[in-house]
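Asks: One structure, as structure tokens, below. Some questions next.
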Amino acid sequence: MSTKKLQLMHLFACPQCKTRLFPIKMKGKCPRCGFRYRKSGGIWHFLKTGDVQTQSSAKRYNSMHKKNFIGPDDGSYEILGSFARGNRTVDIACGDGRIETLAPETVGVEFSLNALKNAKSRGVKHLVHADAQALPFTDNSFDVAICAGSLEHFVDPQSAVNEMARVASIQILTVHKKLPFPLSLGERVLTNLGRVTHQPIERPFSRRALMGLLRKAGLHTVFEGVWTLPVNYGKAVSYLPQLSSLPSCHFVVSIKRK
1 MSTKKLQLMH
11 LFACPQCKTR
21 LFPIKMKGKC
31 PRCGFRYRKS
41 GGIWHFLKTG
51 DVQTQSSAKR
61 YNSMHKKNFI
71 GPDDGSYEIL
81 GSFARGNRTV
91 DIACGDGRIE
101 TLAPETVGVE
111 FSLNALKNAK
121 SRGVKHLVHA
131 DAQALPFTDN
141 SFDVAICAGS
151 LEHFVDPQSA
161 VNEMARVASI
171 QILTVHKKLP
181 FPLSLGERVL
191 TNLGRVTHQP
201 IERPFSRRAL
211 MGLLRKAGLH
221 TVFEGVWTLP
231 VNYGKAVSYL
241 PQLSSLPSCH
251 FVVSIKRK
């Protein structure tokens with residue numbers, strides 16, 4: 001547990017080649033690979049241009065975040081905020097900064113610039129425009145990395161978990177579960193054939209697949225449980241009910257293997 005005030009400017013590294021960027025300027029480039037970064041509007045900009053699918057996903061999230069993106073109001077963020085407080089914490093895919101408002105020293109990372117602007121308007125202090133799959137931080141910068149309900153929406157979840165393992169000692173994830181058969185078949189029909197989705201990428205995880213990602217990243221699971229989040233959240237299928245009390249997510253706490 002860290003009791004020192006966060007010195008974010010001491011933690012940055014090039015997202016492309018991982019060269020440490022210190023002392024950092026308000027605008028500059030990596031001395032090794034030439035990657036350009038800047039700080040404007042209270043937000044650090046380190047977004048590495050990704051593949052076509054990542055760019056398309058970012059564009060859609062920007063559209064979704066033109067207004068504040070609605071998240072669960074069931075105490076989830078308060079619980080995650082309690083893990084963040086008192087630790088050097090990075091929140092991966094922070095959205096509008098719900099955790100950051102509860103744990104003000106938390107660093108919020110998000111690739112939707114509109115989401116970060118919303119977070120800034122909420123008074124969030126530490127905001128970084130970057131891709132979860134290419135984090136702009138040095139190794140072991142943080143005590144805790146949180147990723148809440150977002151891993152299943154990433155283009156390359158393995159790269160994101162690898163990055164969480166690289167920058168933090170402890171990883172806390174909530175990840176939507178893949179439904180058991182035959183419910184998974186109906187979900188696949190709605191998502192792929194009916195083109196009914198709430199977010200650009202919808203790939204819920206089986207327990208086996210999630211544990212595989214963590215093992216490949218060199219992580220050891222110290223706690224595994226379930227997390228109750230609403231199903232059909234955001235009413236992707238407007239005529240179906242929203243089920244609010246199902247154990248719909250994996251909840252995992254992991255540490256680096258020694």
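Residue 1 is where the sequence shown starts when you use UniProt numbering, and the numbers rise one by one after that.
All C-beta atoms in this analysis are idealised placements derived from N, C-alpha and C, irrespective of residue type, glycine included.
As the structure is a prediction and not an experimental result, all values here were calculated from the model.
Find out if the Cβ-Cβ distance for the pair residue 100, residue 119 is shorter than 8 Å.
Replies: In the sequence shown, counting from the first residue as 1, residue 100 sits at position 100. In the sequence shown, counting from the first residue as 1, residue 119 sits at position 119. Yes, they are a contact pair.
Asks: Is residue 172 helix, strand or coil by DSSP?
Replies: Residue numbering aside, residue 172 sits at position 172 when the sequence shown is read from its first letter. Strand.
Asks: Since residue 152 and residue 205 are thought to touch, with beta carbons under 8 Å apart, how far apart are those beta carbons, to the nearest angstrom?
Replies: Residue numbering aside, residue 152 sits at position 152 when the sequence shown is read from its first letter. Residue numbering aside, residue 205 sits at position 205 when the sequence shown is read from its first letter. The Cβ separation is near 6 Å, so the contact holds.
Asks: How would you write the range of the alpha helix (DSSP H) that residue 24 sits in, first residue to last?
Replies: In the sequence shown, residue 24 corresponds to position 24, counting from 1. Premise fails: residue 24 is in no alpha helix (DSSP H) and is neither H nor E.
Asks: Could you give the uninterrupted runs of the alpha helix (DSSP H) lying entirely in the region 45 to 106, keeping only those of 4 residues or more?
Replies: Counting only runs of 4 or more, we get 52 to 64, 76 to 84 and 98 to 102.
Asks: Given a cut-off of 8 Å, decide if residue 109 and residue 84 are closer than it, judged by their beta-carbon atoms.
Replies: As a first step, residue 84 is located in the sequence shown; it is residue number 84 there, counting from the start. As a first step, residue 109 is located in the sequence shown; it is residue number 109 there, counting from the start. No, the pair does not count as a contact, with Cβ atoms beyond the cut-off.
Asks: On the DSSP bridge list, what partners appear for residue 163?
Replies: Locating residue 163 in the sequence shown gives position 163, where the first residue counts as 1. Beta-bridge pairing links residue 163 to no other residue.
Asks: Please state whether DSSP places residue 112 in a helix, a strand or coil.
Replies: Start at 1 with the first residue of the sequence shown, and residue 112 comes out as number 112. In this structure, residue 112 counts as coil in the three-state DSSP scheme.
Asks: Do residue 255 and residue 210 have their C-beta atoms closer together than 8 Å?
Replies: Residue numbering aside, residue 255 sits at position 255 when the sequence shown is read from its first letter. Residue numbering aside, residue 210 sits at position 210 when the sequence shown is read from its first letter. Their beta carbons are not under 8 Å apart, which means residue 255 does not touch residue 210 by this criterion.
Asks: Considering only C-alpha positions, which residue in the set 86, 79, 128 and 82 is nearest to residue 95?
Replies: The residue labelled residue 95 in the question sits at position 95 within the sequence shown. That would be 128, whose Cα lies nearest to the Cα of residue 95.
Asks: So residue 21 and residue 141 are supposed to be a Cβ contact under 8 Å. How far apart are they, rounded?
Replies: Numbered from its first residue, the sequence shown carries residue 21 at position 21. Numbered from its first residue, the sequence shown carries residue 141 at position 141. No, residue 21 and residue 141 are not in contact; Cβ-Cβ is about 12 Å, not under 8 Å.
Asks: Please go through the same chain and pick out, in chain order, the residues whose beta-carbon is closer than 6 Å to the beta-carbon of residue 135, but skip the five residues on each side of it.
Replies: Position 135 of the sequence shown, counting from 1, holds the residue named residue 135. For residue 135, where only same-chain residues beyond five positions count, the Cβ hits under 6 Å are 163 and 167.
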